[in-house]
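*Asks:* Counting from 1, position 34 in the sequence shown corresponds to residue 43 in our numbering; the numbering is continuous, with no gaps.
Using N, Cα and C, we set each Cβ at its ideal position, and we do this for glycine too.
This is the structure, below, for whatever I ask next.
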Amino acid sequence: QVQVVESGGGLVQPGGSLRLSCAASGNIFELYTMGWYRQALGKHRELVATITSRGVTRYVDSLRFTISRDDDKRMLYLQMDSLTPEDTAVYYCNVNYRTPEFTYHDAWGQGTQVTVSS
């Protein structure tokens with residue numbers, strides 16, 4: 010069983026910054042592509058950023074967001090700068106992994122709320 014837990018969300022003023030963290034634990038042998046997604050109220054979940062095991066990144070907005078990972082700690086991060094009210098959403102972490110039993114899965118966290126408001 011694998012657990013994915015996000016943290017770091019909260020209320021921030023427009024123009025502010027937040028750093029989200031995601032901790033993966035459990036029956037993981039190797040981590041593959043990890044990513045952040047978000048879902049605003051009344052909207053579909055959308056990609057924010059992903060990072061492969063080799064560090065290749067993909068962003069919806071590379072000017073304001075930076076994704077990073079620490080595989081030794083099984084952690085994923087998202088640095089968000091110059092936040093706007095349009096960034097308000099629940100942010101989810103997604104982890105693709107392989108178990109010691111050579112099975113492949115992905116797992117989602119429960120999400121962390123980010124609210125950008127003055």
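1. Count the C-beta pairs between the segment 45-56 and the segment 108-116 that are closer than 8 Å, then say yes if the count reaches three, no if not.
2. Applying the criterion that 16 or more other CB atoms from any shown protein chain within 10 Å of the CB defines a buried residue, is Arg63 buried or exposed?
3. How many whole angstroms separate the CB atoms of Val65 and Leu87, which I take to be in contact at a CB cut-off of 8 Å?
4. Under three-state DSSP, which class holds Glu110?
5. Got a sec? Which residues, its chain only, sit under 6 Å from Ser77 by beta carbon, not counting five neighbours each side?
6. For Gln12, which residues in the same chain have their Cβ closer than 6 Å to its Cβ, ignoring the five residues on either side in sequence?
7. Going by other Cβ atoms of all chains shown within 10 Å of its Cβ, with 16 needed for buried, is Asp70 buried or exposed?
8. Have a look at the DSSP bridge pairing and note the partners of Leu92.
9. Since Thr93 contacts Gly17 with CB under 8 Å, what's their CB separation in whole angstroms?
10. From the DSSP output, read off the bridge partner residues of Val11.
11. Helix, strand or coil: how does DSSP classify Ser133 here?
*Replies:* Reading from the atomic positions:
1. In this structure the segment 45-56 does not lie against the segment 108-116, because fewer than three pairs of beta carbons, one per stretch, are closer than 8 Å.
2. Residue environment analysis places Arg63 among the exposed positions, since fewer than 16 neighbouring C-beta atoms fall within 10 angstroms of its C-beta.
3. At roughly 16 Å, the Cβ-Cβ gap does not stay under 8 Å, so Val65 and Leu87 are not in contact.
4. DSSP places Glu110 in coil when its eight states are reduced to three.
5. Taken in chain order, the residues that qualify are Tyr86.
6. Correct list, in chain order: Ser34 and Gly35.
7. Per the 10 Å Cβ criterion, exposed.
8. Leu92 is not bridged to any residue.
9. The Cβ separation is near 18 Å, so there is no contact.
10. Gly35.
11. Examination of residue 133 is not possible in this model, given that the chain is present from 10 through 127 alone.
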